[in-house]
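Report on one structure; see the data block that follows.
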Amino acid sequence: DTEVTQTPKHLVMGMTNKKSLKCEQHMGHRAMYWYKQKAKKPPELMFVYSYEKLSINESVPSRFSPECPNSSLLNLHLHALQPEDSALYLCASSQDEGRGYQPQHFGDGTRLSIL
Amino acid sequence: DAKTTQPPSMDCAEGRAANLPCNHSTISGNEYVYWYRQIHSQGPQYIIHGLKNNETNEMASLIITEDRKSSTLILPHATLRDTAVYYCIVKGYNFNKFYFGSGTKLNVKP
Numbered sequence: 588d589t590e591v592t593q594t595p596k597h598l599v600m601g602m603t604n605k606k607s608l609k610c611e612q613h614m615g616h617r618a619m620y621w622y623k624q625k626a627k628k629p630p631e632l633m634f635v636y637s638y639e640k641l642s643i644n645e646s647v648p649s650r651f652s653p654e655c656p657n658s659s660l661l662n663l664h665l666h667a668l669q670p671e672d673s674a675l676y677l678c679a680s681s682q683d684e685g686r687g688y689q690p691q692h693f694g695d696g697t698r699l700s701i702l
Numbered sequence: 043d044a045k046t047t048q049p050p051s052m053d054c055a056e057g058r059a060a061n062l063p064c065n066h067s068t069i070s071g072n073e074y075v076y077w078y079r080q081i082h083s084q085g086p087q088y089i090i091h092g093l094k095n096n097e098t099n100e101m102a103s104l105i106i107t108e109d110r111k112s113s114t115l116i117l118p119h120a121t122l123r124d125t126a127v128y129y130c131i132v133k134g135y136n137f138n139k140f141y142f143g144s145g146t147k148l149n150v151k152p
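First to last, the protein sequences are chains A and B.
Heads up: the first sequence runs through residues 588 to 702, numbered per our numbering.
Heads up: the second sequence runs through residues 43 to 152, numbered per our numbering.
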């Protein structure tokens, strides 16, 4: 069982829709991450939040908008996505903001399909 | 961060030890080696990490060569449930990013 919870597990949306992905952890971790994983490829980092502030954006298109309302919650707001954005979206958290060697813990992801 | 190189796939008989190699020849002194696995349709699962000494936990052992340019993850008694993609990652102290390599698909066969 994962300690990082992602909802929904599956999401199908049209290119004009607006939807949000949610990630929650209660381990007291202060760093949270979004990754994108295409089929048969490794996860790719999208965003990093450290102490609820965006610290890294890996040149992600603006149709993806992250939000960290508090230290336990991370959202990814989606708008006007393209079919190539269909992928598994993974959330992770770690104890520190990057200084240290604590591992990241991953949720099981949201599988997103864009029609 | 150093890049890693892993074989794309390996087979292992159930009950035997699975030895998964990883090359990280450009690793620097403050970079740790991490191992994760991803079972189909699940998120990556943390297995173990280490700096230069060998490490062991309830899941696996990590052997890092003295020059730190390569490492081996050992699953002592592989089961069918260990079939997964195994990722070797290196990360430094002041760095937030995990860069996943292509990983090794381990097939455990009965």
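Ideal Cβ positions, reconstructed from N, Cα and C, are used throughout, including at glycine.
Check	Outcome
Run through chain A and tell me which residues come within less than 9 Å of N96/B, C-beta to C-beta.	Result: empty, since nearest Cβ-Cβ is about 16 Å, beyond 9 Å.
Chain B beta carbons: is any one of them nearer than 8 Å to that of H692/A?	yes
Starting from K147/B, follow its DSSP beta bridges and name the residues at the other end.	S51/B and V127/B
CB-CB under 8 Å to F140/B, same chain, minus the five flanking residues each way: which ones, in chain order?	Y76, I131 and K133
Name, in chain order, the residues that DSSP records as bridge partners for L115/B.	L62/B and L104/B
Could one say the Cβ of G696/A lies closer than 8 Å to chain B's Cβ atoms, at least one of them?	yes
For the region 67 to 85 of chain B, which residues have a CB atom closer than 9 Å to at least one CB atom of chain A, in sequence order?	Y74, Y76, Y78, Q80, S83, Q84 and G85
Check the Cβ-Cβ distances between H91/B and every residue of chain A, and say whether any is below 8 Å.	yes
Output the distance between the C-alpha atoms of M600/A and Q612/A, rounded to the nearest integer angstrom.	25 Å
May I ask you to list the residues that DSSP assigns as paired with A618/A?	S637/A and S681/A
Can you give me the start and stop residues for the beta strand (DSSP E) that Q669/A sits inside?	Here Q669/A belongs to no beta strand (DSSP E), and DSSP marks it neither H nor E.
What did DSSP end up calling L702/A once you bin it into helix, strand or coil?	coil
Mind checking which residues open and close the beta strand (DSSP E) that includes Y78/B?	Y74 to Q80
With three or more beta-carbon pairs closer than 8 Å as the criterion, would you say the region 622 to 642 of chain A touches the region 652 to 661 of chain A?	yes
Where does L122/B sit, in a helix, a strand or coil, going by DSSP?	helix
Tell me, which residues are paired with H613/A by DSSP?	Paired residue(s): none; H613/A is not in a bridge.
Where does F651/A fall in DSSP's three states?	strand
Closer than 7 Å between beta carbons: that is the criterion. Which residues of the region 613 to 634 of chain A meet it against chain B?	A618, P629, P630 and L632
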